[in-house]
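One structure is given here, and the rest of the page talks about it.
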Amino acid sequence: MSEANQKQQKSQPKSEQRNTESDRKQQEMDAATSQFGSQVQDRPKPDGIEDDSPILRFEDFSIFYDDFEAIKKLTVHIPRGEVTSIIGPSGCGKSTLLNAVNRMTDLIPGCHIKGKMELNKEDVFATGMDVIWLRRRVGMVFQKPNPFPKSIYDNVAYGPKLHGKRNGDDLDEIVERSLKEAALWEEVKDRLKANAMSLSGGQQQRLCIARALAINPHMVLLDEPTSALDPKSTSHIETLLGQIRGQYTVLIVTHNMQQAARVSDYTLFLFEGEMIEFNRTADLFVNPDKKQTEEYITGRFG
Amino acid sequence: MQDKANLKKNRKEDPSHEKKSPPADSWEAQKEHELHHLEKRRRREKRFKAYTLGAIFIAAAFLVFFLVDLIIKGYPALKQAEIRTDITYSPETIDNIDQAFPEQVRDLVSRAAKRRLTREAKVAEIRIPVHYDENTAKNPESAIHPIQITKADMPPWKQDFEAQEIPKKQLIELIGERGFNRIQQNMKADPSLAGSVREEWLPGSDLLQGFMHGATDLKKEMMETAVLLDDADHLQMGFDTGKYGTEGKTVEEWVLADSHVDQYLKGYDFMKPSAYDNPANAPISKEKAARIDRLHEEGKIALHFNDYFFLNGDSKIPEVAGMRAAIIGSVYVVGLVFLICLPIGVLTSIYLEEFAPDNLLTQTIEVNINNLAAIPSILFGVLGLAAFINLFGMPRSSVLVGAATLALMTLPIIIIATRAALRAVPDSIRRAGFAMGATRWQVVLHHVLPVSISGIMTGSIIGIAKAIGETAPLIIVGLVSFVPDAPVTPTDPTSVMPAQIFSWWSMSLRGFQERAALGILVLLAVLFFLNGLAVFIRAKSERSW
Chain A
518 MSEANQKQQK SQPKSEQRNT ESDRKQQEMD AATSQFGSQV QDRPKPDGIE
568 DDSPILRFED FSIFYDDFEA IKKLTVHIPR GEVTSIIGPS GCGKSTLLNA
618 VNRMTDLIPG CHIKGKMELN KEDVFATGMD VIWLRRRVGM VFQKPNPFPK
668 SIYDNVAYGP KLHGKRNGDD LDEIVERSLK EAALWEEVKD RLKANAMSLS
718 GGQQQRLCIA RALAINPHMV LLDEPTSALD PKSTSHIETL LGQIRGQYTV
768 LIVTHNMQQA ARVSDYTLFL FEGEMIEFNR TADLFVNPDK KQTEEYITGR
818 FG
Chain B
-7 MQDKANLKKN RKEDPSHEKK SPPADSWEAQ KEHELHHLEK RRRREKRFKA
43 YTLGAIFIAA AFLVFFLVDL IIKGYPALKQ AEIRTDITYS PETIDNIDQA
93 FPEQVRDLVS RAAKRRLTRE AKVAEIRIPV HYDENTAKNP ESAIHPIQIT
143 KADMPPWKQD FEAQEIPKKQ LIELIGERGF NRIQQNMKAD PSLAGSVREE
193 WLPGSDLLQG FMHGATDLKK EMMETAVLLD DADHLQMGFD TGKYGTEGKT
243 VEEWVLADSH VDQYLKGYDF MKPSAYDNPA NAPISKEKAA RIDRLHEEGK
293 IALHFNDYFF LNGDSKIPEV AGMRAAIIGS VYVVGLVFLI CLPIGVLTSI
343 YLEEFAPDNL LTQTIEVNIN NLAAIPSILF GVLGLAAFIN LFGMPRSSVL
393 VGAATLALMT LPIIIIATRA ALRAVPDSIR RAGFAMGATR WQVVLHHVLP
443 VSISGIMTGS IIGIAKAIGE TAPLIIVGLV SFVPDAPVTP TDPTSVMPAQ
493 IFSWWSMSLR GFQERAALGI LVLLAVLFFL NGLAVFIRAK SERSW
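Protein sequence lines, in the order shown, are assigned to chains A and B.
Each residue of the first sequence is one higher than the last, beginning at 518 in my numbering.
Each residue of the second sequence is one higher than the last, beginning at -7 in my numbering.
Okay, here's the thing in structure tokens:
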């Protein structure tokens, strides 16, 4: 068992306490969205796995762009049902690593991998793995809001429709549930047929989150979701991350260390493709093991 | 402005002020230097602006000149001279149709109008022995018996002929309703005919009319019978008494005037020194001119809207030549081009843009498509001739071969436009689609095509507009030829608008020249309409992200 996992088990009770604490804080921050908190928490877990086995295991996992090694022999276990943030200076491979989880790296010519990555104990890069099946279980939100140029309703319903849900009532329910989870329902419930492009940037990004949640993913990947947004929209999204924590496993890449500290339970620090440190966020930011981590989080480089 | 003036003055007074000016690091010197420099920049900017304005002005002037010239030349063709005159239809005039018109307009009426009158007044007749009896009034078909054609009936050059019987069925088919009506009328007028056999000239069926007017689409046996009857003097073109009565009648009608009369009325001076070396050769003599003027004042000759231009096909007689066949041909050809090019072009672009790996093969294809778009269009005509006509044996001059050749030319344009439209779709939309678990085909169908369709349509319409105006490749595959009838099937010979303009323009008669100019205006109107449509589609479905 890896070091990271041991740490995770040791600090389990503390984590729960922290969760409720932060939940309360966020509820105060945004009363409008909090009323759906219970609804989110009560649903069964999407993957049906309730134990504490890590959702994502990297074993000696490397990613290459042609000859360049972007991720070097990464070995880490990402805990289930928690928010894990990936931090590091520009070009350290954060986004590459995130894109590898749902194999969006397949779209990049010359990109190949070595080693092993398991999602729910299934080898993601195995030859038998169907990419469409994989992506249907991993939701992804990109740096720049990229809703489809369709209506708000169609944006959210697109995923479920794609995966075989045709029943109008079911779709209505999914759309409402997803928009509530993404804390957007109150703002758009009267104009679901309006074009998604008419929303503000922050609303668009929450719509993208709703779209990712609509397929009931095992895991949600967020690639710097707030870097193109203003502070108010950013705080909205951070609040909603607090809402969905526990229901979904969230992996978030961020440039903003305060954000990582605010929203995540665990933090992975990457530097030039190598994992420097992985620990509970509270521990990593207060008491980093490595000198490099300390230098980075205190802003001495990066 | 004052600064500038000062500066100029300074420089005039002291051309070498740079040297004598205060030390380079002083504020004054720096300011003066900078202002001087700025003034230079401003002058350069003004000059550049003047160049651009000049270029626009020259381009606009060319366009205006071109349009005005065409309108001046083509506008008169919208009117056509017609003559109000008595026309006498009678058995005597049909053999000499000139007699049908009063003497004063006889030489002013169009040949085509005379030909049309002859055609209308005449009817194909068949000579046949009619066996009258009591039943004839009720059942006229019983009065027809098979007839024998013998050697004696045939002309001297067909003496190797063997006697032959024409069956009743075929005769009935040739006589038709009008002929039987005639038999019934005869019987009613004179009941004493019953029991007798009389040779009659009966007006024939539509089939016979068609044969006598030169139709060749008859069934084989019918054709042989008709030719046989014609040789045996059983057929003739007779005066249509059914329509005009046995004595004939006179009607007053507007008929088409000769092209020269038309040109004279539109102001062409046939007597001007440069027109004809010998004024006696002019088609409109002084006497004729005076007569036309007099009739014009009386309102007997007038310029009316030229509906012939839009209702007729091409003709060797300028006053009846029209563009209908060419317009229909163009629409037909271009419609086929669109049907061929759009699916092939769009699918090719989708493959190259969305599916194809970036390797040497696709790069080669890409370079070749770009090169094809730059090839002179006449080479596509050569290719079309070699491939479609010689290799695949498509009929020359046909809609099909024209469309196939133009499709070759249009395809690269559509592919390039479509690829540009596909490339303009932001990658983030594709990535969003993939991340939702869509296959590549679903991403293309659900996200890429809907946002790029306006660009694709715009590019395609512009490609099609280019195909409409294309002449060079069509000359080679034989679409520039005299085709008076509009095509029906894709293998029919056809003419297209630019080809029609080309052939009219090379005619010497002024009537054709005028029609060519009007034809260009019609073509331009079609092109403006198509380009306007492209702009409209683009404006209508513009999206932002």
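Even glycine gets a Cβ: it sits at the ideal position worked out from N, Cα and C.
- Task: Name, going along the chain, the residues of the stretch 415 to 426 of chain B whose beta-carbon falls closer than 8 Å to a beta-carbon of chain A.
- Result: Listed in sequence order: Pro418, Ser420, Ile421, Arg423, Ala424, Gly425 and Phe426.
- Item | Partner residues on chain B for Ile732(A), Cβ-Cβ distance less than 9 Å | Against chain B, a Cβ distance below 9 Å from Ile732(A) picks out Met428 and Gly429.
- Could you tell me which of Val737(A), Val600(A), Gln720(A) and Ile726(A) sits nearest to Tyr749(A), measuring between CA atoms? Per the sequence shown, residue 749(A) should be read as Lys rather than Tyr. Among Val737(A), Val600(A), Gln720(A) and Ile726(A), the Cα nearest to that of Lys749(A) is on Gln720(A).
- Item | Extent of the continuous beta strand (DSSP E) run through Gln91(B) | Per DSSP, Gln91(B) belongs to no beta strand (DSSP E) and is neither H nor E.
- Excluding sequence positions up to five away, which residues of its chain have a Cβ less than 8 Å from the Cβ of Ser369(B)? Correct list, in chain order: Met401, Glu462, Ala464 and Pro465.
- Message: On the DSSP bridge list, what partners appear for Leu248(B)?
- Response: Beta-bridge pairing links Leu248(B) to Glu74(B).
- Going along the stretch 712 to 729 of chain A in order, which residues come within less than 8 Å of chain B, judged by CB to CB distance? Cβ contacts with chain B come from Met714, Cys725, Arg728 and Ala729.
- Give a yes or no on whether 9 Å exceeds the smallest Cβ distance from Gln355(B) to chain A. By this cut-off, Gln355(B) is not an interface position.
- Answer with yes or no whether the minimum CB distance from Gly676(A) to chain B is below 9 Å. Yes, Gly676(A) counts as interfacial toward chain B.
- Message: Using a Cβ-Cβ distance cut-off of 9 Å, determine whether Trp650(A) contacts chain B.
- Response: Closer than 9 Å to the CB of Trp650(A) there is at least one CB belonging to chain B.
- Message: Would Ile136(B) and Leu163(B) be called neighbours here (beta carbons separated by less than 9 Å)?
- Response: Contact flag set, yes.
- Message: Please tell me whether Gln660(A) and Glu755(A) are closer than 9 Å, where the distance is taken between their beta carbons.
- Response: By the CB criterion at 9 Å, Gln660(A) and Glu755(A) fall outside the cutoff.
- Item | For Lys633(A): DSSP bridge partner residues | Lys633(A) is bridged to Glu576(A).
- Which residues bound the alpha helix (DSSP H) around Thr571(A)? Checking the sequence, you will find Pro at residue 571(A) rather than Thr. Neither: Pro571(A) is in no alpha helix (DSSP H) and is coded neither H nor E.
- Message: Less than 9 Å between the beta carbons of Arg432(B) and Glu346(B), yes or no?
- Response: The Cβ atoms of Arg432(B) and Glu346(B) sit closer than 9 Å to each other.
- Query: In the DSSP assignment, what are the bridge partners of Arg762(A)?
  - Reply: As a beta-bridge residue in DSSP terms, Arg762(A) pairs with Tyr765(A).
- Message: Tell me the rounded alpha-carbon separation between Val780(A) and Val600(A).
- Response: In a straight line, the C-alpha of Val780(A) is about 7 Å away from that of Val600(A).
- Task: Give the DSSP-derived three-state secondary structure of Asn804(A) in the structure shown.
- Result: It is coil, neither helix nor strand.
- Message: I'd like to confirm the pairing. Which residues does DSSP put opposite Trp193(B) in its beta bridges?
- Response: Trp193(B) pairs with Arg119(B).
- Item | Tyr783(A) - containing beta strand (DSSP E), residue span | Under the DSSP assignment, Tyr783(A) falls in the beta strand (DSSP E) whose first and last residues are Tyr783 to Phe788.
- Query: Of all Cβ atoms in chain B, is any one closer than 9 Å to the Cβ of Asn619(A)?
  - Reply: It does: the Cβ of Asn619(A) has a partner Cβ on chain B nearer than 9 Å.
- Step through the CB atoms of chain A and report whether any lies within less than 9 Å of the CB of Trp537(B). Below a pLDDT of 50, predicted positions are generally treated as unreliable, and Trp537(B), at 45, falls in that range; no measurement from the model is reported.
- Under 7 Å from the C-beta of Val443(B): neighbouring residues of chain A: For Val443(B), the C-beta contacts it makes with chain A under 7 Å involve Pro666, in order along the chain.
- Message: Taking 9 Å as the threshold (C-beta atoms), are Ile467(B) and Phe552(B) in contact?
- Response: Outside the modelled stretch of chain B, which goes from -7 to 537, sits residue 552(B), for which no answer is possible.
- Task: Give the straight-line distance between the Cα atoms of Pro404(B) and Asp647(A), rounded to the nearest whole angstrom.
- Result: Rounded to whole angstroms, Pro404(B) to Asp647(A) spans 37 Å at the Cα level.
- Residues within the stretch 303 to 322 of chain B neighbouring chain A, beta-carbon criterion of under 9 Å: Close to chain A, meaning a Cβ-Cβ distance shorter than 9 Å, is no residue of the stretch 303 to 322 of chain B at all.
- Task: Please compile the residues from chain B whose C-beta is within a distance smaller than 7 Å of the C-beta of Met657(A).
- Result: Correct list: Ala427.
- For Pro68(B), three-class secondary structure by DSSP: Residue state, collapsed to three classes: helix.
- Item | C-beta contact flag for Ile793(A) and Gln809(A) at 9 Å | With a cutoff of 9 Å on beta-carbon distance, Ile793(A) and Gln809(A) are scored as near each other.
- What does His735(A) touch in chain B if you count any residue whose Cβ is under 9 Å from its own? Residues of chain B passing the Cβ test: none, with the nearest at roughly 13 Å.
- Euclidean distance between Cα positions of Ala745(A) and Pro662(A): C-alpha separation (whole angstroms): 8 Å.
- Query: Taking all protein chains shown into account, do 16 or more other C-beta atoms lie within 10 angstroms of the C-beta of Ile63(B), making it buried, or fewer, making it exposed?
  - Reply: Exposed is the call here.
- Query: Given that His439(B) touches chain A, what residues does it touch there, using C-beta distances under 7 Å?
  - Reply: Correct list: Phe665.
- Local conformation of Thr644(A) per DSSP, three classes: Annotated three-state conformation of Thr644(A) is coil, per DSSP.
- Item | Minimum length 3: unbroken beta strand (DSSP E) runs contained in the stretch 155 to 243 of chain B | The qualifying runs are 156 to 158, 189 to 195 and 227 to 231.
- Could you give the residue range of the beta strand (DSSP E) that holds Ile139(B)? Where Ile139(B) is concerned, the enclosing beta strand (DSSP E) stretches over Ile139 to Ile141.
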